[in-house]
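To keep things clear, I will list the structure first and then write my remarks on it.
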């Protein structure tokens, strides 16, 4: 499979048309259509990987090479930090091959669907594209949660530290009161993902997202049913009523910003897992039953990761769980 002559002719014709108006605009049109063609091929590959592989077609690599020529966009400014074997400054406990596999998976994710700033610039996604991206994103997040649990198991209680206490002031009567936080206006720019305020989901569902990770485990020792559902019923209803608004395009379109923020969170966790591992260690030592929630695997987990990676990952998880659960 190669880029068809029609797409090449269309790109050339439009570029030639705009060249008579503005040569710089002609270049921008050519680059835009080249990116569109590469993105379309990547999404076809994501939907039919076996057919494309048999034909010897690798659009992910083609898209990566296209992006390498764009000095002001994509992964050139926001790259994955290299994982080294030295003890400093990178101190990782999980095996380096697993971290490198995670980095390769994140790179594939970015090549298929774009870097965080690309998704933010897209603004809106169709339902099919949104579902396809989520199926890959959930696997990447689950992979990193497994690695963070391995990292957390190697930390002792002293190195985890204590959670930061809320700042308080004391009145003359001895009673305490919280400081009133100053409200500030925060702006987000699509082309500046390093300035976004994002958070990584160490649990598939959290109270802030409408779920609960504090519920009791089920009879088989697994994670709470509500915790395993990233979209709890009451949250689904609220989103359904909100997304069904005609002004929002009904259920046909979804905002790209939440996914862009989760992509950015993946990048930050991979580049600096230590603070996330410390917070996870504190939480799991306080509530060991949440281990099963952290280790929840999405439906496509078995299909998107190769067998050798999954076997090695499960072996290290089995050794890590007793370190966090002393009961």
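In this note's numbering, the protein residues as written are 273 to 599.
Ideal Cβ positions, reconstructed from N, Cα and C, are used throughout, including at glycine.
I need the boundaries of the beta strand (DSSP E) containing residue i, first residue and last residue.
i           : result
residue 527 : 525 to 527
residue 409 : Taken as a continuous stretch (DSSP letters only), residue 409 belongs to no beta strand (DSSP E), being part of the alpha helix (DSSP H) at 399 to 425.
Taking the C-alpha atoms as reference points, what is the distance between residue i and residue j?
i           : j           : result
residue 552 : residue 472 : 11 Å
residue 474 : residue 390 : 24 Å
residue 401 : residue 564 : 30 Å
residue 386 : residue 393 : 10 Å
residue 457 : residue 581 : 44 Å
residue 576 : residue 453 : 44 Å
residue 527 : residue 598 : 43 Å
residue 589 : residue 420 : 10 Å
residue 531 : residue 399 : 13 Å
residue 579 : residue 547 : 29 Å
residue 396 : residue 558 : 40 Å
residue 467 : residue 461 : 8 Å
residue 469 : residue 529 : 12 Å
residue 368 : residue 463 : 31 Å
Can residue i and residue j be called in contact, C-beta distance under 7 Å?
i           : j           : result
residue 545 : residue 459 : no
residue 411 : residue 525 : no
residue 388 : residue 476 : no
residue 566 : residue 417 : yes
residue 534 : residue 409 : yes
residue 414 : residue 569 : yes
residue 596 : residue 562 : no
Tell me where the alpha helix (DSSP H) around residue i begins and ends.
i           : result
residue 471 : Neither: residue 471 is in no alpha helix (DSSP H) and is coded neither H nor E.
residue 593 : 579 to 596
residue 566 : 563 to 566
residue 375 : 368 to 385
residue 559 : Element bounds for residue 559: n/a, residue is neither H nor E.
Could you check if residue i is buried or exposed, using at least 16 other CB atoms within 10 Å of its CB as the buried criterion?
i           : result
residue 425 : buried
residue 585 : buried
residue 549 : buried
residue 364 : buried
residue 427 : buried
residue 366 : buried
residue 376 : exposed
residue 331 : At residue 331, the pLDDT of 44 sits below 50, so the modelled position is not reliable; the number obtained from the coordinates is stated separately. Residue 331 should be labelled buried.
Discussion item. I want to know whether the segment 370 to 390 touches the segment 531 to 540 - three or more CB-CB distances under 8 Å.
Written reply: yes
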